[in-house]
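**Student:**
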Amino acid sequence: MPELPEVEVVRRGLDDHVVGRTITSVEVLDSRSLRRHGAGPTDFVARLVSRRVDGAHRRGKYLWLSLDDGSSVLMHLGMSGQALISDADAPAHRHLRVVLDLDDGRQLRFADQRIFGGMSISETDPPTEIAHIALDPLDPAFDDAAFVARLRRRQTGVKRALLDQGLVSGVGNIYADEALWRTPLHYARNTKGLRIAEATALIGHVRDVMTEALQQGGTSFDALYVNVNGQSGYFDRSLHAYGQEGRACERCGDMIVREPFMNRSSYRCPTCQPRPRNGRW
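Numbers given in this note's numbering equal positions in the sequence shown, counted from 1, plus 125.
(1) Buried or exposed: where does cysteine 394 fall if 16 or more other Cβ atoms within 10 Å of its Cβ makes it buried?
(2) Are glutamine 280 and arginine 405 close, meaning C-beta to C-beta below 8 Å?
(3) DSSP on glutamate 370, reduced to helix/strand/coil?
(4) Secondary structure at proline 385, three-state DSSP: helix, strand or coil?
(5) Using a Cβ-Cβ cut-off of 8 Å (strictly less than) and excluding sequence neighbours within five positions of alanine 373, which residues of its own chain qualify?
(6) If alanine 324 sits next to leucine 276, beta carbons under 8 Å apart, how far is it from one beta carbon to the other, in whole angstroms?
(7) Which same chain residues end up closer than 7 Å to valine 132 when comparing Cβ atoms and leaving out the 5 residues on each side of it in sequence?
(8) Output the boundary residues of the alpha helix (DSSP H) element that contains tryptophan 306.
(9) Should cysteine 397 go down as buried or exposed, given a rule of 16 or more other Cβ atoms within 10 Å for buried?
(10) How about alanine 286 and leucine 292: do their beta carbons lie closer than 8 Å?
(11) Use the C-beta contact count for serine 158: other C-beta atoms within 10 angstroms, 16 or more gives buried, fewer gives exposed.
(12) Would you mind stating whether leucine 310 and valine 224 have Cβ atoms separated by less than 8 Å?
(13) From the DSSP output, read off the bridge partner residues of tyrosine 187.
(14) Please list the terminal residues of the continuous alpha helix (DSSP H) segment that includes alanine 340.
(15) Assuming arginine 146 contacts valine 198 (C-beta within less than 8 Å), just tell me the rounded distance between them.
(16) To the nearest angstrom, how far is it from the Cα of leucine 227 to the Cα of proline 385?
Given below as structure tokens:
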């Protein structure tokens with residue numbers, strides 16, 4: 126699933142190509158991509174036609190477009206969603222779901238192979254539907270000290286905490302593993318036992334690895350994760366832990382291992398990130 130850097134790359138593309146444009150028409154090719162818009166496709170179309178896009182924003186992994194009537198278009202990419210800017214006469218994407226025609230003759234196309242993502246219209250800007258999502262480490266208003274205090278009050282594995290979007294948003298499996306390797310911490314270390322210095326270093330490394338990934342266009346392991354122009358990121362070449370099973374740790378030389386974690390995988394160095402005695406699994 127795309128994480129914060131990949132979603133921020135898309136947001137920047139929308140900011141460049143969609144903000145200031147007026148939506149002239151809308152075509153819904155698959156209503157499943159509007160399942161979060163309870164009023165249905167007809168209402169979705171009627172609410173968008175002739176609206177001007179005034180801003181492109183992100184909260185964690187959610188995107189939204191501010192509209193000139195005070196409402197907003199909320200978008201989540203899910204596992205395979207793509208927000209693409211295309212010329213109107215460009216060949217249609219195989220998994221095209223929704224098309225927004227813009228007044229400059231181009232289109233904002235929402236494609237989604239697995240249809241876990243989607244679009245909806247919120248009455249408010251920002252959308253109240255994502256008010257429960259925490260700030261992310263790249264947000265200027267993010268408070269490191271408050272995060273550390275909240276983290277250390279919990280009793281859970283540190284990686285589980287990083288993936289909790291109510292505590293800190295935008296962090297997924299890839300960047301959690303990378304930040305834990307950099308700190309270094311085992312993914313099952315009990316947050317209650319973390320020292321302030323460890324927790325502070327951890328959120329600093331989360332921010333650093335996301336910033337570096339953003340500079341490289343995000344992490345793309347397949348053709349699903351692309352920017353608005355259909356281009357893949359290349360941060361996967363800079364990963365130290367995630368996906369590196371059987372390769373030498375760049376810090377100590379031991380072999381990176383992969384272990385099952387919450388129906389997915391965690392990658393760590395057995396020497397740098399030793400198994401904790403009282404871990405929270």
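Quick reminder that beta carbons are idealized off the backbone N, C-alpha and C, glycines included.
**Tutor:** In this structure, then:
(1) The count along the sequence shown starts at 1 and reaches residue 394 at position 269. Cysteine 394 should be labelled buried.
(2) In the sequence shown, residue 280 corresponds to position 155, counting from 1. In the sequence shown, residue 405 corresponds to position 280, counting from 1. Contact: yes.
(3) Translated into the one-based positions of the sequence shown, residue 370 becomes position 245. Three-state DSSP puts glutamate 370 in coil, outside helix and strand.
(4) Your numbering for residue 385 matches position 260 in the sequence shown. Three-state result, proline 385: strand.
(5) In the sequence shown, the residue the question calls residue 373 occupies position 248. Hits under 8 Å: Asp379, Met380, Ile381.
(6) The residue you call residue 324 lines up with position 199 of the sequence shown. The residue you call residue 276 lines up with position 151 of the sequence shown. Contact holds; Cβ gap of about 5 Å.
(7) Mapped onto the sequence shown, residue 132 falls at position 7. The answer, listed in chain order, is Arg183, Lys186, Leu188, Leu202.
(8) As a first step, residue 306 must be located in the sequence shown, where it is residue number 181. That run of the alpha helix (DSSP H) goes 298-307.
(9) As a working mapping, residue 397 is identified with position 272 in the sequence shown. With 16 or more Cβ atoms within 10 Å of its Cβ, cysteine 397 is classed as buried.
(10) Numbered from its first residue, the sequence shown carries residue 286 at position 161. Numbered from its first residue, the sequence shown carries residue 292 at position 167. Closer than 8 Å, so yes.
(11) Numbered from its first residue, the sequence shown carries residue 158 at position 33. Its Cβ being crowded by 16 or more others within 10 Å, serine 158 is buried.
(12) Mapped onto the sequence shown, residue 310 falls at position 185. Mapped onto the sequence shown, residue 224 falls at position 99. Against a cut-off of 8 Å, the Cβ pair of valine 224 and leucine 310 comes out as no contact.
(13) Looking up residue 187 in the sequence shown gives position 62. Bridge partners of tyrosine 187: Arg184, His201.
(14) Numbered from its first residue, the sequence shown carries residue 340 at position 215. Rather than alanine, the amino acid found at residue 340 in this sequence is glutamine. Residues 321-340.
(15) In the sequence shown, counting from the first residue as 1, residue 146 sits at position 21. In the sequence shown, counting from the first residue as 1, residue 198 sits at position 73. Not a contact, Cβ separation roughly 12 Å.
(16) What you label residue 227 is simply residue 102 of the sequence shown in a count that begins at 1. What you label residue 385 is simply residue 260 of the sequence shown in a count that begins at 1. Going from the Cα of leucine 227 to the Cα of proline 385 covers about 45 Å.
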